[in-house]
Amino acid sequence: MEKKQYKKIVDKHKPTETRAQNAFIAFVTGGLVGVIGQLMTEFYSSYFEISTKDASTFMLVTLIFVASLLTALGFFDKWVTFCKCGLIIPITGFAHSMTSAGIEYKKEGPIYGVGSNIFKLAGSVILYGVVSAWFFGLLRLIIMGG
Amino acid sequence: MTYKYDNVYVENTSTVAGPYEAKGPLYKYFDKTFDELYNGEKSWELAEAKSLEDSISILLKKSKHKKTDIDCIISGDLMNQITSSCYSSQKFDFPFLGIYSACATSCEGIILGSTMIDSKKVNRVIAATSSHNMSSEKQFRNPTEYGAPKPKTATFTATGGASILLSNVKSDIKVESSTIGRIIDLGQTDPLHMGAVMAPAAADTISRHLKDLNRTPDYYDLILTGDLGTYGKEILIDYLKTEFNIDISANYNDCGTMLYDLDNQKEVLAGGSGPVCSALVNYGLIYNKLKKKEVKKVLLVTTGALFSPTMVYQHENILSIAHAVSLEVI
Numbered sequence: 001m002e003k004k005q006y007k008k009i010v011d012k013h014k015p016t017e018t019r020a021q022n023a024f025i026a027f028v029t030g031g032l033v034g035v036i037g038q039l040m041t042e043f044y045s046s047y048f049e050i051s052t053k054d055a056s057t058f059m060l061v062t063l064i065f066v067a068s069l070l071t072a073l074g075f076f077d078k079w080v081t082f083c084k085c086g087l088i089i090p091i092t093g094f095a096h097s098m099t100s101a102g103i104e105y106k107k108e109g110p111i112y113g114v115g116s117n118i119f120k121l122a123g124s125v126i127l128y129g130v131v132s133a134w135f136f137g138l139l140r141l142i143i144m145g146g
Numbered sequence: 147m148t149y150k151y152d153n154v155y156v157e158n159t160s161t162v163a164g165p166y167e168a169k170g171p172l173y174k175y176f177d178k179t180f181d182e183l184y185n186g187e188k189s190w191e192l193a194e195a196k197s198l199e200d201s202i203s204i205l206l207k208k209s210k211h212k213k214t215d216i217d218c219i220i221s222g223d224l225m226n227q228i229t230s231s232c233y234s235s236q237k238f239d240f241p242f243l244g245i246y247s248a249c250a251t252s253c254e255g256i257i258l259g260s261t262m263i264d265s266k267k268v269n270r271v272i273a274a275t276s277s278h279n280m281s282s283e284k285q286f287r288n289p290t291e292y293g294a295p296k297p298k299t300a301t302f303t304a305t306g307g308a309s310i311l312l313s314n315v316k317s318d319i320k321v322e323s324s325t326i327g328r329i330i331d332l333g334q335t336d337p338l339h340m341g342a343v344m345a346p347a348a349a350d351t352i353s354r355h356l357k358d359l360n361r362t363p364d365y366y367d368l369i370l371t372g373d374l375g376t377y378g379k380e381i382l383i384d385y386l387k388t389e390f391n392i393d394i395s396a397n398y399n400d401c402g403t404m405l406y407d408l409d410n411q412k413e414v415l416a417g418g419s420g421p422v423c424s425a426l427v428n429y430g431l432i433y434n435k436l437k438k439k440e441v442k443k444v445l446l447v448t449t450g451a452l453f454s455p456t457m458v459y460q461h462e463n464i465l466s467i468a469h470a471v472s473l474e475v476i
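Line order of the protein sequences matches chains P and H.
Numbering follows the working numbering, in which position 26 of the first sequence is assigned residue number 26; successive positions increment by one, without gaps.
Numbering follows the working numbering, in which position 26 of the second sequence is assigned residue number 172; successive positions increment by one, without gaps.
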């Protein structure tokens, strides 16, 4: 049988993914993370009497800490599976990817294990984050003059 | 390549299953289960090796054999360098043959062992295999604590170790014939839909087996594929009908859909997979049914996706293979 004909059979038996439902859950949970972040920023800036910029750094560090802690405690993966991009897109997803890789490769030691593998998932985010920051910085320089 | 055997019998089987499998409908057919995925070991890899080691120990105990009674062990698993097989077999000092054909490993082991016994060169061979959900996730996918969402077509690697003792001493169950599979590529590239990758291999092996022996599907009481899962099973029935004009729907099932309670164990998605998935079902449930003569002729078709993450990243297709073994009650 031709590969094309076989693909037709496969497609015929493919279940429909609940995309609208997934998007809705991600929208709500992702939005919730945003709201929590905003409340945290407000709290830090009023409680410690610091600027909003400093408070948002505090907020990011808190979210990273909480996501890493919950990953280490072993149930954050189930939340991520449920919320999908609602928890993957915010900084929680980044923290989760690094902590989970760190936990997984602890057995292989600090160098060949954790050291070599902690950026296994997050490496691409960092690389292309730096590249796109450079690119958009250049665009800004050309268009807006700095 | 279909062979018939004259003097190869199943002496005994043994199954050791992990926590998810123990919660499934087949729990009473397992010789031993463990509640914690680490299985009392330090790492996933060692946990898998331990389950296989336990299975071999139980097999020797059940069949009342000493280590020296076994001429050879043929074992394989999913890990790189088939480490689980090596680290577990090493404890027994058996002459060792390591094999790999992913989730089709158990039948490959039976075929090789049966052919050796049939040649009258050896008397007793163990064919063994194992897999572990976490060690497979770590090697083939993401770190185990990473909660990557998966589509409904994805399958769940079974945890455990299983072994079968083949011998030239007559017993109730005979290894009647076998068909060695060919490597099949029908252009599938999705590692999260292995059922679609493996169904053509199963179809190829089943059709050749039936043709070589001049049989129809109703010759068998039961035809069982390895780990196609809910959707792969539908694809196989459809594909066999359209391409080969063979209808197996009357007496066909898939081990991947039998190992778990698909309605209540939602985490397994389309069903079980991994070399031990079909081995747990076949050496547990099916062996039991054969012994009780509830079924008399069974065709086991274990299906393996010869999946290499490297080749998938290089945009190559995923290859697949299926090996068939026919067991009969005498």
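Ideal Cβ positions, reconstructed from N, Cα and C, are used throughout, including at glycine.
All figures in this text were calculated on a predicted structure; none of them were measured in a lab.
Check LYS256(H) in the structure and name its three-state DSSP category. Along the second sequence, one-based indexing puts residue 256(H) at 110. The amino acid at residue 256(H) is misidentified as Lys; the sequence shows Ile. Reduced to three states, the DSSP call for ILE256(H) is helix.
Straight-line Cα distance separating ALA425(H) from ALA250(H): The residue given as residue 250(H) occupies position 104 in the second sequence. The residue given as residue 425(H) occupies position 279 in the second sequence. Whole-angstrom Cα-Cα distance: 9 Å.
Output needed in chain order: residues of the region 353-383 of chain H with a Cβ under 7 Å from some Cβ in chain P. TYR377, GLU380, ILE381
Do you know offhand how far ASP54(P)'s Cα is from GLY74(P)'s? Along the first sequence, read from residue 1 onward, the residue named residue 54(P) stands at position 54. Along the first sequence, read from residue 1 onward, the residue named residue 74(P) stands at position 74. If I take the Cα positions, the gap works out to 31 Å.
Under 9 Å, Cβ to Cβ, is there at least one residue of chain H near ASP54(P)? One-based indexing of the first sequence puts residue 54(P) at position 54. No - not a single Cβ of chain H is within 9 Å of the one on ASP54(P).
Starting from the C-beta of SER395(H), find all residues in its chain whose C-beta is less than 6 Å away, skip the five residues before and the five after it, and write them out in chain order. Taking the second sequence and counting its residues from 1, one reaches residue 395(H) at position 249. Within the same chain, SER395(H) has close Cβ partners ILE383.
At least one CB of chain P closer than 9 Å to the CB of TYR385(H): is that the case? Your numbering for residue 385(H) matches position 239 in the second sequence. At least one chain P Cβ lies under 9 Å of TYR385(H).
Residues in the region 391-425 of chain H with C-beta within 7 Å of chain P's C-beta atoms, listed in sequence order? none
Taking the continuous alpha helix (DSSP H) assigned at VAL10(P), which residues delimit it? If you number the first sequence from 1, residue 10(P) lands on position 10. Run containing VAL10(P): 3-12, per the alpha helix (DSSP H) assignment.
Residue nearest to SER281(H) in terms of C-alpha spacing, selected from THR275(H), ALA274(H), ALA273(H), THR290(H): For this step, residue 281(H) is matched to residue 135 along the second sequence. Nearest C-alpha to SER281(H): THR290(H).
If I measure Cβ to Cβ from LEU386(H) and keep anything under 8 Å in the same chain, skipping five residues before and after, which residues do I get? Position 240 of the second sequence holds residue 386(H). Answer for LEU386(H): ALA349, ILE352, SER353, ILE392, ASP393, ILE394, listed in chain order.
Using DSSP bridges, identify the partner residues of TYR155(H). Position 9 of the second sequence holds residue 155(H). According to DSSP, which records beta bridges pairwise, TYR155(H) is partnered with SER313(H), LYS320(H).
Could you compute how far the alpha carbon of GLU254(H) sits from the alpha carbon of PHE27(P)? Translated into the one-based positions of the second sequence, residue 254(H) becomes position 108. Translated into the one-based positions of the first sequence, residue 27(P) becomes position 27. Distance between the alpha carbons of GLU254(H) and PHE27(P): 48 Å.
Taking CB distances under 9 Å as the criterion, tell me whether THR29(P) reaches chain H. For this step, residue 29(P) is matched to residue 29 along the first sequence. For THR29(P), the answer is no, since every Cβ of chain H falls outside 9 Å of its Cβ.
If the cut is a Cβ gap below 7 Å, which residues of chain P does THR290(H) touch? Counted from its first residue, the second sequence places residue 290(H) at position 144. Those are GLU104, listed as they occur along chain P.
So is HIS461(H) buried or exposed if we call it buried at 16+ other beta carbons inside 10 Å? Residue mapping note: residue 461(H) aligns to position 315 of the second sequence, counting from 1. Per the 10 Å Cβ criterion, exposed.
Within-9 Å CB hit, GLU114(P) to chain H: Along the first sequence, one-based indexing puts residue 114(P) at 114. First, the residue type needs correcting, since residue 114(P) is Val and not Glu in the sequence shown. Cβ-Cβ to chain H under 9 Å: no for VAL114(P).
Is MET144(P) buried or exposed, if buried means 16 or more other CB atoms sit within 10 Å of its CB? On the first sequence, position 144 is the one that residue 144(P) refers to. Burial call: exposed.
Under 9 Å between C-beta atoms of PRO421(H) and GLY450(H): Here the question's residue 421(H) lines up with position 275 in the second sequence. Here the question's residue 450(H) lines up with position 304 in the second sequence. Against a cut-off of 9 Å, the Cβ pair of GLY450(H) and PRO421(H) comes out as a contact.
Taking Cβ positions only, does GLN227(H) come closer than 9 Å to chain P? Start at 1 with the first residue of the second sequence, and residue 227(H) comes out as number 81. It does not: the Cβ of GLN227(H) has no partner Cβ on chain P nearer than 9 Å.
Please compile the residues from chain P whose C-beta is within a distance smaller than 7 Å of the C-beta of PRO297(H). By 1-based counting over the second sequence, the position of residue 297(H) is 151. Residues of chain P passing the Cβ test: GLU17.
Do GLY372(H) and PHE176(H) come within 9 Å of each other at the CB atom, strictly closer than that value? Counting from 1 along the second sequence, the entry for residue 176(H) is found at position 30. Counting from 1 along the second sequence, the entry for residue 372(H) is found at position 226. No. Outside cutoff.
Any Cβ of chain P within less than 9 Å of the Cβ of THR388(H)? Counting from one through the second sequence, the residue named residue 388(H) turns up at place 242. Yes, contact with chain P.
Can a CB atom of chain H be found closer than 9 Å to the CB of PHE119(P)? Reading the first sequence from its first residue, position 119 is the one you call residue 119(P). False, the Cβ-Cβ gap to chain H never drops below 9 Å.
Please name the residues in the region 53-75 of chain P whose beta-carbon is closer than 9 Å to at least one beta-carbon of chain H, in chain order. THR71, ALA72, GLY74
Whose C-beta lies closer than 7 Å to the C-beta of LEU374(H) among residues of the same chain, with five residues either side of it excluded? Here residue 374(H) refers to the residue found at position 228 of the second sequence. Cβ neighbours of LEU374(H) beyond the five flanking positions: GLY341, MET344, ALA345, ALA348, LEU382, ASP400, GLY402, THR449.
Rounded separation between ILE216(H) and ASN269(H) - CA only: Translated into the one-based positions of the second sequence, residue 216(H) becomes position 70. Translated into the one-based positions of the second sequence, residue 269(H) becomes position 123. Going by the C-alpha atoms only, they are around 8 Å apart.
Under 7 Å between beta-carbons, which chain H residues line up against SER124(P)? List them in chain order, please. Within the first sequence, residue 124(P) is the residue found at index 124, counting from 1. Within 7 Å Cβ-Cβ: nothing; SER124(P) doesn't reach chain H, min ~12 Å.
Length of the line joining the Cα atoms of ILE228(H) and TYR246(H): Here residue 228(H) refers to the residue found at position 82 of the second sequence. Here residue 246(H) refers to the residue found at position 100 of the second sequence. Straight-line Cα distance between these residues: approximately 7 Å.
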